[in-house]
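Following the UniProt record's numbering, the numbering of the sequence shown begins with 1 at its first residue and continues without gaps. Idealized CB from N, CA, C, for every residue including glycine. Below is one structure; the comments refer to it alone.
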Amino acid sequence: MKAIAYYASLPIDDPKSLQDIELPEPVAGPRDLLVEVKAISVNPVDTKVRQNVQPEGGAAKVLGWDVAGVVKAVGSEVSLFKVGDRVFYAGSIARAGGNSELHTVDERIVGHMPKSLDFAAAAALPLTAITAWELLFERLQISQERNDQGQSLLIVGAAGGVGSILTQLARQLTGLKVIGSASREQTQAWVRELGAHHVVDHRQPLSAELKRIGINQVTHVASLTQTDAHLDELVEALAPQGKLALIDDPKSLDVTKLKRKSLSLHWEFMYTRSLFETADMQEQHVLLNKVAELIDAGTLKTTLGEHFGQINAANLRRAHALLESGTAKGKIVLEGF
Numbered sequence: 001m002k003a004i005a006y007y008a009s010l011p012i013d014d015p016k017s018l019q020d021i022e023l024p025e026p027v028a029g030p031r032d033l034l035v036e037v038k039a040i041s042v043n044p045v046d047t048k049v050r051q052n053v054q055p056e057g058g059a060a061k062v063l064g065w066d067v068a069g070v071v072k073a074v075g076s077e078v079s080l081f082k083v084g085d086r087v088f089y090a091g092s093i094a095r096a097g098g099n100s101e102l103h104t105v106d107e108r109i110v111g112h113m114p115k116s117l118d119f120a121a122a123a124a125l126p127l128t129a130i131t132a133w134e135l136l137f138e139r140l141q142i143s144q145e146r147n148d149q150g151q152s153l154l155i156v157g158a159a160g161g162v163g164s165i166l167t168q169l170a171r172q173l174t175g176l177k178v179i180g181s182a183s184r185e186q187t188q189a190w191v192r193e194l195g196a197h198h199v200v201d202h203r204q205p206l207s208a209e210l211k212r213i214g215i216n217q218v219t220h221v222a223s224l225t226q227t228d229a230h231l232d233e234l235v236e237a238l239a240p241q242g243k244l245a246l247i248d249d250p251k252s253l254d255v256t257k258l259k260r261k262s263l264s265l266h267w268e269f270m271y272t273r274s275l276f277e278t279a280d281m282q283e284q285h286v287l288l289n290k291v292a293e294l295i296d297a298g299t300l301k302t303t304l305g306e307h308f309g310q311i312n313a314a315n316l317r318r319a320h321a322l323l324e325s326g327t328a329k330g331k332i333v334l335e336g337f
């Protein structure tokens with residue numbers, strides 16, 4: 001089968017940083033689906049793994065943790081899907097990624113694809129939807145009963161992949177006042193379109209930006225990028241006993257700064273369930289199905305930002321380069337081999 005992989009961590013402008021190769025077709029394990037990959041999207045985790053993880057023993061390493069496709073075969077213990085089902089999922093970082101014609105994935109972290117979307121639009125959603133859902137409803141424990149009146153959420157980096165779906169979930173499913181941060185006119189317009197009540201510029205001191213729009217403090221923060229650079233401002237912006245959730249990889253984080261206000265810190269890593277095969281691993285199947293229902297109902301919309309064409313090494317290198325530039329809006333999708 002066709003696949004895109006790398007053999008050594010190289011700068012993305014090196015043609016060998018991602019290569020078109022041929023690999024043997026994978027075989028589904030007992031709880032696996034064998035999926036014919038129709039579309040994929042690219043996430044910051046792809047660039048981080050490519051830059052920092054050397055393949056073992058000279059083997060090819062395949063990236064890609066967002067897939068939309070069709071079930072071609074099922075393992076002996078599969079109960080949630082059948083051959084021919086259209087599915088979408090983010091997969092497991094402990095296994096080969098989905099940048100290949102065929103891919104195996106545990107059924108417990110797979111959802112039925114939204115009926116109203118094509119494969120490209122669906123591929124934009126899984127990883128960011130899982131991350132945003134778990135951060136909002138499980139880490140920050142926000143209620144879906146719309147009884148959060150008086151509470152507020154600042155989303156730092158609201159125009160990115162996770163921010164684009166988190167902004168919608170917070171606005172559509174909760175009673176929170178939603179403030180999104182974005183630094184350019186284009187991305188600020190995107191965040192407003194997604195439903196944020198207010199938009200601030202994270203190139204400026206965030207506490208001052210909040211005061212500019214008449215908000216002295218917020219009760220919750222979702223810090224999706226540059227948490228270490230913004231930490232002092234986030235502590236200043238948070239109300240006493242507030243909650244700070246983050247998904248990025250700060251080189252260091254002085255958590256003692258949270259003590260005076262009794263602020264709580266919450267990490268979200270959407271691979272935790274699949275990596276450790278937790279007892280509640282199947283919750284990702286459940287939440288992806290809920291997201292599909294919300295898409296089909298018109299409550300949420302896909303966060304597809306740009307379609308980069310066919311799934312091949314040249315187009316994936318372009319996608320990685322754009323992500324590494326930090327200027328992507330929404331999700332980058334590729335489709336078909």
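Query, Result
"Among the residues of its own chain, which have a CB less than 8 angstroms from the CB of V74, if the five just before and after it don't count?", "A28, D32, L33, L34, F81, K82, V83, E107"
"Check this for me: beta carbons of L78 and H285, under 8 angstroms apart or not?", "Note on identity: in this sequence residue 78 is Val, with Leu being the wrong assignment. Going by C-beta atoms, V78 is not nearer than 8 angstroms to H285."
"Taking buried to mean at least 16 other C-beta atoms within 10 Å of its own C-beta, is S252 buried or exposed?", "exposed"
"Is the beta carbon of A313 less than 8 angstroms from the beta carbon of D20?", "yes"
"Let's see if you can read the secondary structure: which residues bound the beta strand (DSSP E) around T219?", "218-223"
"Can you tell me the Cα-Cα spacing of Q168 and E36, whole angstroms?", "30 angstroms"
"Run through the region 272-331 for me and flag every whole beta strand (DSSP E) of 3 or more residues, listed as ranges in chain order.", "304-307"
"Between the region 294-313 and the region 142-156, are three or more C-beta pairs nearer than 8 angstroms?", "no"
"Tell me the rounded alpha-carbon separation between S100 and A129.", "22 angstroms"
"Since D20 is in the alpha helix (DSSP H), which residue starts that stretch and which ends it?", "Where D20 is concerned, there is no enclosing alpha helix (DSSP H), although the beta strand (DSSP E) it sits in stretches over 19-22."
"What does DSSP give as the partner residues of W65 in its beta bridges?", "Bridge partners of W65: none, in fact."
"Closest to H103 by C-alpha separation, out of A39, L125, D280, would be which residue?", "A39"
"Between the beta-carbon of A131 and the beta-carbon of V178, is there less than 8 angstroms?", "One point to set straight first is that residue 131 is Thr, not Ala, in the sequence displayed. The answer is no: Cβ separation not under 8 angstroms."
"Just to confirm, are V53 and K61 a CB contact at a threshold of 8 angstroms?", "yes"
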